[in-house]
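Here is the structure we will look at, set down as structure tokens.
Chains as they are written, first to last, in my numbering: chain F, 1 to 802; chain E, 1001 to 1205.
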């Protein structure tokens, strides 16, 4: 389908929710208050691993500021929850397994009083040995985090394709490298907040909160209360960012609020401050990755052996699914005959890890793209050449044995586009040959220690440019769209036309700030010949549309867009039927819906206003409301060998990073990132650009600054003074380029963009730093110490660093 | 276990006043804007201090608890919830308001210190039904995604344009660098500020 066919799709369209957001009227969860509302404040124990002996509330239980206390004894249903394994308690009652754990919640009118009172709760516990190194989690003497499971192994995904030993034997060279990536905080700007409101009679409970996945939250709350799903209604407040982060934590907070609301009969609000948010919420997994690659002198990769340990922290959360995406994509977008991959997710006493934008892909991409560049350097090739030799083509077989077909296999297209745009190969070669004298830091230190004459001459000083090095680097990826073999993949969209031609729209997926409401409004408007502003988007409430699964995996545009288009087309057909009858036209007549009018194809003069047509249909008693349903094609998976068509379609991306490295400070400045992605069809140009800017910037943060470091299970970086996320000054230019093409799925083939934009950037930057400095860095983030000293420095409780 | 690792309220007010572990000043006092009829809660009444200030052009006389921040006064007492508290530590700019013409982090200023001053929040920007050029520009240029940092961004931009009506891109980057946006709409925020500067120059000439 050609772009020119569209009236609105692909053009820049301003946000549906822009007015309320620029005026400060948008109601985020903590902006909402109910009469007679109470607050819940958490009680924690400053220990990473312990057996709970007793909890003594006697010092506070008669205090007037305390309305009630909730702990595990107040939970009527499931005491432990989790999306895959139910291993996480709402309130801990047996053990503490990480410092974010909560044993009880104090409920009262004044948060301030409750914060004072919680210091007086006396929890007796028996400390247990703390496990913080995931590489030791499977050793026989490792402390067991969940002894009832018998092992610290959360999941093991093996993948076996071909014969790696044979592949290594056929290789001319073998390269082995180890890479690590840290825990990462989502750092959504809005901290968590939720209110549970007990409803009258048998109506159950109503929950309003900063919730990413209302249907998941409903499942958890219903399980905890021991109630039917329909008795729990979850409403999403305006959401201040999520990036995968407001899932499990919000389910648990919602359950705690619901328990307290039902116990007290009053609305209960929980709102976190930043420190508490970072302390308790889940993180991006820290990965330890060992790659061994065999290749020929012509550059053909013959075999790849990968061993990955993912630190899942204290609870399993999404670890099995995150690591599953890793095993599918760990070899990168390269056709490799012989692959042997093991990805293991393990428990430790670290903060637990779950979903975050990228979902198990940014880590292996950093490793795989770093090693691809090393291969290029070893063979005297440029990075694009080695990728051209090995990159997927249409019909290629992936590591999981899936034949890539029935979609545009765009690896080489995006690569060539990015390479051309940046004059990559020439600049990369030039930088590799940087003839400027290498900066001898040791000599400088020696000179400083042995000062010579007091009069310094010009040649004693370094010119600023002598310490600056330019680098350029690229990374490519392929990414399975939507959930793949993780689970059911279907979405609902409710569309209701009014008598005057205006419309209500609501999908079962959630607006997290990404602009989904606008995207869906464009799709409905395109089909019906309306303007996006004719569509009024409703607040998401689990009571209104069917369970559409979570808003994750960059599936909103693809799946929800598909459902919206189905709904709009259904209503369009009903209107066409009315019009044929009204104008006595044959069944074969086609219509054009455009500019709020409708006319028979080739008869633009015979027009009816869309509003008039709706009115006509209304008075004929035609049903002008419908639910569109879109479900993804079936995929399947053989767990024992990691083989199968994992996802029904893929997207491809290539990013080129241009950096300047200051060799005397270790600072890396990203001058420019060219981001080439193939989202199928761009629905909203503004929204698509926003996804690229956001993804690249977060990816640069991942590459250069961000790290949740953990000291005996305790997080060091509890606020934005220590956890550094990029500001407006930290990144140079970002250039989004979209390669559009034919695709069969969703709305006119619109696929995924949110996560592909993030997953590549750190790898591209690392390769650019290698190009600038001649040194390979194996451990993210590439902060000042890493570049300057080749290791990280962490503050200790005493003075100084380790 | 090391005392410093205890998970408890770490608040700047602790060293401001050296007492309490307060998170939010929930001491509600009768105020000029409290026509909403909030019930009075308990609190050390002798600590309440009357102040008067101008908020979005309206004179407000209010009693404040001494540890209360300006952000708390705005959000909790005056129910102006457009101003957001994000880090509560003067790091992120989410709570930016304009105080006597300058952008300030309202989480980092005691309500008492706003006595006699003029406060402008995002709610005070519209002229009747008309959006302020900055609001228009942020909407038109898509200078936002989730919108949580947006009120702070807009108020920072307001103060910037007051100081520098036609800023360069570098000046905008510098001027807006105290406001974090995790959606990282930065390029479009910069465009929004540029567009607003043009609009404002056009309207005043």
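Note that beta-carbon positions come from the ideal geometry of N, C-alpha and C, so glycine has one too.
In the DSSP assignment, find the alpha helix (DSSP H) that holds residue 279 of chain F and state where it starts and stops. Note, residue 279 of chain F: alpha helix (DSSP H), 274 to 280.
Mapping the DSSP letters down to three states, classify residue 637 of chain F as helix, strand or coil. Coil, per DSSP.
Which of the three DSSP states, helix, strand or coil, is assigned to residue 720 of chain F? Coil, per DSSP.
Could you compute how far the alpha carbon of residue 333 of chain F sits from the alpha carbon of residue 404 of chain F? Near 11 Å, if we compare the C-alpha coordinates of residue 404 of chain F and residue 333 of chain F.
How many Å lie between residue 1064 of chain E and residue 112 of chain F at the Cα? Annotation: residue 1064 of chain E to residue 112 of chain F spans about 16 Å, alpha carbon to alpha carbon.
In or out: residue 176 of chain F buried (at least 16 other Cβ within 10 Å) or exposed? It is exposed - the Cβ of residue 176 of chain F has fewer than 16 other Cβ atoms within 10 Å.
Nearest by alpha-carbon distance to residue 812 of chain F: which of F:680, F:543, F:616, F:422 is it? Since the displayed chain F opens at 1 and closes at 802, residue 812 of chain F lies outside it and no answer follows.
Cβ-based neighbour list, residue 302 of chain F, same chain, cut-off 8 Å, excluding 5 preceding and 5 following: For residue 302 of chain F, where only same-chain residues beyond five positions count, the Cβ hits under 8 Å are 167, 168, 170, 171, 294, 295, 296, 336, 337, 338.
What does residue 1173 of chain E reach in chain F if we use C-beta pairs closer than 7 Å? The answer, in chain order, is 728, 729.
Any alpha helix (DSSP H) of 4 or more consecutive residues that is wholly inside the stretch 91 to 178 of chain F: Taking only runs of at least 4 residues, the alpha helix (DSSP H) segments lying wholly in the stretch 91 to 178 of chain F are 111 to 118, 164 to 169.
Residue nearest to residue 44 of chain F in terms of C-alpha spacing, selected from F:86, F:449, F:120: Of F:86, F:449, F:120, the residue nearest in Cα terms is F:120.
Given 8 Å as the limit, is there contact between the stretch 147 to 159 of chain F and the stretch 744 to 763 of chain F, that is, 3 or more CB pairs closer than that? Contact fails: fewer than three Cβ-Cβ distances are below 8 Å.
I need the straight-line Cα distance from residue 1052 of chain E to residue 1060 of chain E, nearest angstrom please. In this structure, the CA atom of residue 1052 of chain E is about 6 Å from the CA atom of residue 1060 of chain E.
Runs of beta strand (DSSP E) wholly within the stretch 595 to 672 of chain F (minimum 3 residues, chain order): Segments of the beta strand (DSSP E) lying fully in the stretch 595 to 672 of chain F: 597 to 600, 625 to 631, 650 to 662.
Member of F:125, F:132, F:528, F:87 whose CA lies at the smallest distance from the CA of residue 150 of chain F: It is F:87 whose Cα lies nearest to the Cα of residue 150 of chain F.
What do you get for residue 428 of chain F, buried or exposed, if any count of 16 or more other CB atoms within 10 angstroms of its CB means buried? Under this definition residue 428 of chain F is a buried residue.
May I ask you to verify whether the stretch 1172 to 1184 of chain E touches the stretch 1076 to 1093 of chain E, counting CB pairs closer than 8 Å and requiring at least 3? Touching, yes.
Output needed for residue 607 of chain F: all residues of its chain with C-beta closer than 6 Å, excluding positions within five of it in sequence on either side, in chain order. Hits under 6 Å: 597, 599.
For residue 1088 of chain E, which residues in chain F fall below 7 Å Cβ to Cβ? Near residue 1088 of chain E (Cβ distances below 7 Å), the residues of chain F are 273, 274.
Inter-residue Cα distance where the pair is residue 21 of chain F and residue 724 of chain F: Note on geometry: alpha-carbon atoms of residue 21 of chain F and residue 724 of chain F lie some 25 Å from one another.
What's the C-alpha gap between residue 365 of chain F and residue 254 of chain F? Cα to Cα, the separation comes out at about 35 Å.
With DSSP collapsed to three states, give me the class of residue 321 of chain F. When DSSP states are grouped into helix, strand and coil, residue 321 of chain F belongs to the helix group.
CA-to-CA distance, residue 670 of chain F to residue 1176 of chain E, given in whole angstroms: For residue 1176 of chain E and residue 670 of chain F, the gap between their C-alpha atoms comes out near 18 Å.
Please return the same chain residues whose Cβ sits closer than 7 Å to the Cβ of residue 1037 of chain E, not counting the five positions on each side in sequence. Bear in mind that a pLDDT of 34 at residue 1037 of chain E, under 50, signals an unreliable position, so the model cannot answer this.
Just the C-alpha distance for residue 685 of chain F and residue 369 of chain F, rounded to the nearest angstrom, thanks. In this structure, the alpha-carbon of residue 685 of chain F lies about 29 Å from that of residue 369 of chain F.
What is the residue span of the alpha helix (DSSP H) that residue 219 of chain F lies within? First-last of the alpha helix (DSSP H) with residue 219 of chain F: 214 to 225.
Taking the C-alpha atoms as reference points, what is the distance between residue 1040 of chain E and residue 190 of chain F? For residue 1040 of chain E, the predicted structure reports a pLDDT of 41, less than 50, and the residue's modelled location is therefore unreliable. The matter cannot be settled from this model.
Just reading off the beta strand (DSSP E) that residue 71 of chain F is part of, what are its end residues? For residue 71 of chain F, the enclosing beta strand (DSSP E) begins and ends at 68 to 71.
C-alpha gap between residue 216 of chain F and residue 256 of chain F, whole angstroms: Here the C-alpha atom of residue 216 of chain F lies approximately 15 Å from the C-alpha atom of residue 256 of chain F.
Could you tell me whether the stretch 276 to 285 of chain F touches the stretch 1087 to 1101 of chain E, using the rule of 3 or more Cβ pairs below 8 Å? No contact exists between the stretch 276 to 285 of chain F and the stretch 1087 to 1101 of chain E.
Buried/exposed call for residue 1153 of chain E, threshold 16 Cβ in 10 Å: Classification of residue 1153 of chain E: buried, given that the 10 Å Cβ count is 16 or more.
Please tell me whether residue 738 of chain F has its Cβ less than 7 Å away from any Cβ of chain E. The beta carbon of residue 738 of chain F sits no closer than 7 Å to any beta carbon of chain E.
For residue 14 of chain F, which three-state DSSP category applies? Here residue 14 of chain F sits in coil by DSSP.
Could you check what DSSP says for residue 507 of chain F in three-state terms: helix, strand or coil? The DSSP-derived three-state label of residue 507 of chain F is strand.
Would you mind giving the Cβ-Cβ distance between residue 563 of chain F and residue 657 of chain F, rounded to the nearest angstrom? I have them listed as a contact below 8 Å. With 8 Å as the limit, residue 563 of chain F and residue 657 of chain F do not qualify as a contact, their Cβ atoms being about 36 Å apart.
Compare the C-beta of residue 795 of chain F against all C-beta atoms of chain E and say whether one is closer than 7 Å. Chain E, which has no Cβ nearer than 7 Å to the Cβ of residue 795 of chain F, makes this no.
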